[in-house]
Each structure stands twice: as C-alpha cells, then as structure tokens.
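Chains as they are written, first to last, in our numbering: chain A, 623 to 724; chain B, 5 to 583. Heads up, the beta-carbon is just placed ideally off N, CA and C, and yes, glycines get one too. This report refers to the structure that appears directly beneath it.
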C-alpha cells in the first residue's frame, strides 16, 4: 500500500474508531480467556480439594461442571467476538474503505 | 466371573501406573504424541475395507482437485476459495489428530478428570487466535505465515527464520504422526509397522502432489465429519445406556473403579476414595510452574503452528477467516466433550468386559485402545472397523496438511523469495513445491521407520513449544509492535527456537526418558520449556529491536503504518481471485 494512502486512511476518524474499538475489545476478551484458563490451572495446582468436593449426595463434584464450563466459555467468548466483528467492525471497515478509495 | 474381575484389578493398576508415569510428564499425553509400543493384532478385514473405501473416495476428490490445481496459488491456498464453514471443519480436522482422540479418551479412562484438564489446554488457544491474529493474518498474508512476519522487513533473513521455524515444527509433528500411524495400524489392521508407514507416506504424497490444498482440505473435511460423527455415536450410545443422566454415568464409572480397587485388596474406605478420585484432579498438575508453562505452550503454540496458520489464507476474506476459527473452536470443543464421555463410557463398558482384556487383565493392544474397544462394545465389529479406519484416515489427513505447509515454506519462502528474490514464476514455484513434497514424503517415511522403537512422546509438545517460542513471538511483534525491526525479529526468533529445543532436550522427558540418563540428572526440571523460552523469544525481539539503529531499522519502523492500516482494514489485501 502507498504510504500516502496509509496516512490518509489513518487520519480518518472512522479508522481510528475501528482500531480503538476492535483492539480494546480483542484485548479485554483475551484477558478474560487468560483469567479463566490460568485461574482454572491454578485452582487445579493449589486447591485440588475444592474441585474434588461433592455436589449433593451423588458422585458429581464441583470440578466437572467447572471443567465443562471452561470449554463452553471458550466457545461462547469466541462466538461473541466473531459476532461483533462480523457486524459492527466490518461495517466500520467498509465505511473506511469507502472514504479512503473515493 | 470372579477370575475375570481379579485380573481386571491387575489391568487397571497397570493402566493407573501408566497414568502416573504420564502425570509426571505432561509431554507424554500430547495430542498426536506417540501411541506407545503396540502389539500387532490379527488382520482386521472389516477395518481394512472401510479404509479402502475412504482411500478410493479421497482419490476421486484428488482427481477432481487436480483439475483445479493449476497455479501456485491453487496449490498453496486452494485459490482462496474455501468458505469459512468448510475451513473451520478443516482446521478442526487438522487439530483432532488420532492420538488426541485415542490418547485423551484413554487418559480419561485411566484417571478421569485429569484428561479433561489436558483437553482444555488444547482448546484455549483458539479464542486468542481469533481475537488477536486471524483477521490480521488474512489481511496481510498470501500463502505462508512468513508473508505476514516479513511484511515490512528485509525479506531474506525473516523468510529464512520463518522457514526454519516451519520445518522444525513440521518435522517433529510429522515424526510423531508417522510413528503413531505405524503403531496404530499394527494395532487396528494387523499390518506390519513399515507397511503402514509407507502407505501413509505414499497416499499423502498423492493428495498433496496432485490435489494441493484443495485435496488436502477436502480430505481433512471428510475425515473431520467421519470422526465427529463416529465420536458422537459413541458418546450418545454411552449416555443412552445411562438414561442420559450424567450423574448415572459418573456413578457407574466410580463404582467400577471402586470395585476394581476392592478386588485389588484395598480396604472399603481406600477403595471408595480411589473410585471417587476420578471425579477430581489427581497427579496431572504436579508443580504450578510446569502447569503454567505447559498451558502457555498449548495456548500460544496453536497460534504458531504453520499448517494451521496456512489455513487462514484459503478463505476469501477476513470475515471468512473469523468465521472459520469460530467453527473450528466450536467443533474442537464439542469433540473434547465427546472424548470425555467416551473415556467415562470406556470405564464402564471396557474395563468390565473380559473380551477386551488379555490374560493378565490389561487392555488388549495397550492403554490407547480405550476408544477402539468401546466402539466394539457399542457398535459391534462393523463400527469397530469404521472407527479404526477413521483413526487411520485422521493421521493421513494431518500428515498431508503438515507436508503441504513444509513444502510451501521451501518453495514460497526459500526458493521464490530468498533464492529468486521474488522473480520466480508460478510454474517454477509450483515445480519446486512438488519436488519438496516428494522429498518430505520420503524423509517422513524414513524417519517414521527410524523412530519406530524410540520414545517420541515429547515430540508434539516440543512442536507446540517451538511454535509458541519462535513463530508466535515473531508474528505477534511484527504485526502489533511498531518498533520491531528485522534484526530484532530474526535474532529473537532464533533465540526462542534454540532455547525451546535445548530446554526440551535437557528436560526429564527427553534427557531421562528418551536418552536414558539416570533419573534426576536432567538440568531443566519442568515438563515444558514454554514459560522460559517464550520469554527469551519476546525479550530477544524487544532488546535487539530497540538496540537496532541501522538504516534498515528506520525502513522497518517507517513501514509499520502502512502495514497496520492494511491489517486493520484489509485494503490492499489479496482477494480470492487476486492472489
């Protein structure tokens, strides 16, 4: 890409908005994923008895729903990002392209 | 009956001892890791015919794909014409290797909850790829991840680094898959080890040579569907038996484990504790440093695996790239939930059935046979044949993807960019990638046979650790950090690569388990180097970039703005037809 075109695009308010919104959304979600995963690993490393604790009278433990929860969380958080990116961010991106190439 | 149960006890103890050994080394459980030394089984004609059907079908696809594979772009990226949904299935297929299916279900059968911890590690890298990498990669790259890493840098040094990173990761991953294929086929089909390795090598070469990325992708998609379908059938059968009550399924498994411990001479109280222990974390996570380090290798290694990264260039837009990771994450997560149910099902159906145990009570064919025996238990001989054929097809498809990414690194990064300095035409580039494919295929067969008797459990973990410590930091910093320079990226990248390999060699899983040095002599006490080697990689890139005052560094930094605008907006990116 020509540097002039890049400069022109980077000066567009819509571009700044896109960059800011997507970047902060991406980093916040990354942080959330890290907290959930490493939190789970630290729980396994330091508090095994919490996860092995039974729920009610059966054999079911606290750990099983938490483990399944981490898997479901991973899928859901990915879907949340993709939904917003494919809608809002792509609209912004199209607007930037339109403004830049006109 | 009682005789069966007594021998069962010994069998389980054996499985548990095995699990304890694995617990010491995370490496041993790696997806795609070795399947252990397998015992040759009687020839299984049902499985062989099912596999033959798969091969014939995929060869027809290859023939169809070959007609469409004319340019280098068709060969590397299927002309960018794969949809997000298809690519998601193909990525999931690349990730769901035979040993992650057999290995994780076996780990769950042996120690329950610990198997879940392990599979979670393999899943959590995907959101991070989606949030930070997928669309930027698609907007910047064309054929290989080196296109992205070298975007604003001096081409030759960064390409050489990226090709090294690719080939080293591919080599370790490939050896693990080839040895796994040989062991698995010995086990499932009753064929000789070397025959299996040669079949995998030859078929893979046919797919890649003639059908390029189109054939490789469709083989992967078909296999992913078969594997997901087969695993779903097994998990639903297990749940159906327990009236779709997870509590009943877990209670059944705990009872089996308790009974086995009782038969083993434990007191009622101890046996109950052993039985219940599969419902919570056991020995898998020993020290927190190893746990974090291993978690980092899995989380960030996924974002640095060349054969996965390459898949982002097969879709027409950033939107499709995002959708493909979403589908992939969904399928892979679903698959790990299934393997968990399959593992618990195997406790009830396999560990209590003398048909699946040898005279001493150990699982016939070795610990990794849990899912295979369960297939027999829930679906009879025909379904057993189906699952065996799917397991073989899985290895074949993964190997084809790996070879394609290795070949692209040689032809696109080394030949076209470094040797020919960008002047190579599409035809000669294509010719070089085909020659490389043949070479890689032959090397894979030779290494597969050479490593037959070796303990190669560490190899897939090592591939993840290298990907996390060398490929990922360079990609990440070049895309997101404006002050990164050619010198910083290359030196830091190589430091990450070398440190991850060296630390793995002096870790217990290689120094002691593979090289046979005395226990406790390993210099590096942890099971995964990633925490340290990733740090070395990132700090290396940072340090050598900020110290870089060369003329080139000014060009590198000045190029960031244009790169960033393109990575954010896709303006100027290669389109589906504009490759």
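What's the gap between the Cα of residue i and the Cα of residue j?
i, j, result
"residue 288 (chain B)", "residue 462 (chain B)", "16 Å"
"residue 242 (chain B)", "residue 345 (chain B)", "7 Å"
"residue 436 (chain B)", "residue 416 (chain B)", "9 Å"
"residue 95 (chain B)", "residue 666 (chain A)", "29 Å"
"residue 143 (chain B)", "residue 321 (chain B)", "8 Å"
"residue 691 (chain A)", "residue 283 (chain B)", "15 Å"
"residue 332 (chain B)", "residue 274 (chain B)", "42 Å"
"residue 486 (chain B)", "residue 558 (chain B)", "11 Å"
"residue 513 (chain B)", "residue 201 (chain B)", "25 Å"
"residue 714 (chain A)", "residue 633 (chain A)", "14 Å"
"residue 47 (chain B)", "residue 457 (chain B)", "22 Å"
"residue 73 (chain B)", "residue 682 (chain A)", "53 Å"
"residue 207 (chain B)", "residue 232 (chain B)", "23 Å"
"residue 25 (chain B)", "residue 368 (chain B)", "Unreliable positioning characterises residue 25 (chain B) in this predicted model, as indicated by a pLDDT of 32, which lies under 50. The coordinate reading is nonetheless provided below. The straight-line gap from Cα to Cα measures roughly 20 Å."
"residue 652 (chain A)", "residue 361 (chain B)", "46 Å"
"residue 410 (chain B)", "residue 171 (chain B)", "6 Å"
"residue 658 (chain A)", "residue 473 (chain B)", "22 Å"
"residue 545 (chain B)", "residue 150 (chain B)", "16 Å"
"residue 569 (chain B)", "residue 626 (chain A)", "11 Å"
"residue 337 (chain B)", "residue 695 (chain A)", "10 Å"
"residue 190 (chain B)", "residue 105 (chain B)", "17 Å"
"residue 701 (chain A)", "residue 272 (chain B)", "47 Å"
"residue 52 (chain B)", "residue 393 (chain B)", "7 Å"
"residue 55 (chain B)", "residue 100 (chain B)", "18 Å"
"residue 119 (chain B)", "residue 108 (chain B)", "6 Å"
"residue 528 (chain B)", "residue 294 (chain B)", "11 Å"
"residue 575 (chain B)", "residue 254 (chain B)", "53 Å"
Are there 16 or more other CB atoms within 10 angstroms of the CB of residue i, so buried, or fewer, so exposed?
i, result
"residue 157 (chain B)", "buried"
"residue 244 (chain B)", "exposed"
"residue 550 (chain B)", "exposed"
"residue 27 (chain B)", "Legend: pLDDT at residue 27 (chain B) = 34, less than 50; position of this residue unreliable, no value from coordinates given."
"residue 36 (chain B)", "Only weak support exists for where residue 36 (chain B) lies, its pLDDT of 38 falling under 50; the coordinates are left without a value."
"residue 380 (chain B)", "buried"
"residue 167 (chain B)", "buried"
"residue 705 (chain A)", "exposed"
"residue 31 (chain B)", "Note that residue 31 (chain B) scores a pLDDT of 34, beneath 50, so its modelled location is shaky; the value from the coordinates is reported in the next line. With 16 or more Cβ atoms within 10 Å of its Cβ, residue 31 (chain B) is classed as buried."
"residue 642 (chain A)", "exposed"
"residue 169 (chain B)", "buried"
"residue 339 (chain B)", "buried"
"residue 277 (chain B)", "exposed"
"residue 566 (chain B)", "buried"
"residue 433 (chain B)", "buried"
"residue 386 (chain B)", "exposed"
Which residues in chain B sit within 9 Å of residue i, going by Cβ to Cβ distance?
i, result
"residue 633 (chain A)", "What residue 633 (chain A) touches in chain B: nothing, since even the nearest Cβ is about 10 Å away."
"residue 722 (chain A)", "569, 573 and 575"
List the residues of chain A that residue i touches, going by C-beta distances under 9 Å, in chain order.
i, result
"residue 340 (chain B)", "693"
"residue 477 (chain B)", "Within chain A, no residue comes near residue 477 (chain B); the closest Cβ sits about 16 Å away, beyond 9 Å."
"residue 124 (chain B)", "659, 662, 663, 689, 692, 693 and 696"
"residue 3 (chain B)", "No answer is possible for residue 3 (chain B): the residues shown for chain B start at 5 and end at 583."
Taking Cβ-Cβ distances shorter than 8 Å, what residues in chain A pair up with residue i?
i, result
"residue 1 (chain B)", "In the structure displayed, chain B extends from 5 to 583; residue 1 (chain B) sits before or after that span and is not available."
"residue 130 (chain B)", "696 and 700"
Tell me, to the nearest whole angstrom, how far the beta carbon of residue i is from that of residue j; I am working on the premise that it is less than 8 Å.
i, j, result
"residue 707 (chain A)", "residue 140 (chain B)", "At roughly 12 Å, the Cβ-Cβ gap does not stay under 8 Å, so residue 707 (chain A) and residue 140 (chain B) are not in contact."
"residue 535 (chain B)", "residue 296 (chain B)", "6 Å"
"residue 185 (chain B)", "residue 399 (chain B)", "4 Å"
"residue 699 (chain A)", "residue 131 (chain B)", "5 Å"
"residue 533 (chain B)", "residue 508 (chain B)", "6 Å"
"residue 537 (chain B)", "residue 511 (chain B)", "Not confirmed; about 11 Å, so no contact."
"residue 685 (chain A)", "residue 304 (chain B)", "That pair is no contact at about 25 Å."
"residue 395 (chain B)", "residue 192 (chain B)", "6 Å"
"residue 4 (chain B)", "residue 308 (chain B)", "Because chain B spans 5 through 583 in this model, residue 4 (chain B) falls outside it and cannot be assessed."
"residue 129 (chain B)", "residue 306 (chain B)", "3 Å"
Using a cut-off of 7 Å between C-beta atoms, extract the partners of residue i located in chain B.
i, result
"residue 704 (chain A)", "134, 326, 327 and 330"
Which bits of chain A does residue i rub up against, with CB to CB less than 7 Å?
i, result
"residue 258 (chain B)", "681"
"residue 442 (chain B)", "Going along chain A, no residue has its Cβ under 7 Å from residue 442 (chain B), so there is no contact; the nearest lies around 38 Å."
"residue 323 (chain B)", "708 and 712"
"residue 127 (chain B)", "693 and 696"
"residue 316 (chain B)", "Near residue 316 (chain B) there are no residues of chain A at all, since even the closest Cβ is about 14 Å away, more than 7 Å."
Starting from the beta carbon of residue i, find every residue of chain B whose beta carbon is closer than 8 Å, and list them in chain order.
i, result
"residue 648 (chain A)", "135 and 136"
"residue 629 (chain A)", "565"
Using a C-beta cutoff of 8 Å, does residue i count as contacting chain D?
i, result
"residue 643 (chain A)", "The question asks about chain D, but that chain is absent: this structure's protein chains are A and B."
Pair every Cβ in the region 335-351 of chain B with every Cβ in the region 110-123 of chain B, then say whether three or more of these pairs are closer than 8 Å. yes
Using a Cβ distance threshold of 8 Å, determine whether the region 418-429 of chain B contacts the region 217-237 of chain B, with at least three qualifying pairs required. The region 418-429 of chain B, when compared against the region 217-237 of chain B, does not touch it at the 8 Å Cβ threshold.
Given 8 Å as the limit, is there contact between the region 48-59 of chain B and the region 297-306 of chain B, that is, 3 or more CB pairs closer than that? no
Three Cβ pairs or more, each shorter than 8 Å: is that satisfied between the region 212-221 of chain B and the region 66-83 of chain B? Two segments are said to touch when three or more pairs of C-beta atoms, one from each, lie closer than 8 Å; by this definition the region 212-221 of chain B touches the region 66-83 of chain B.
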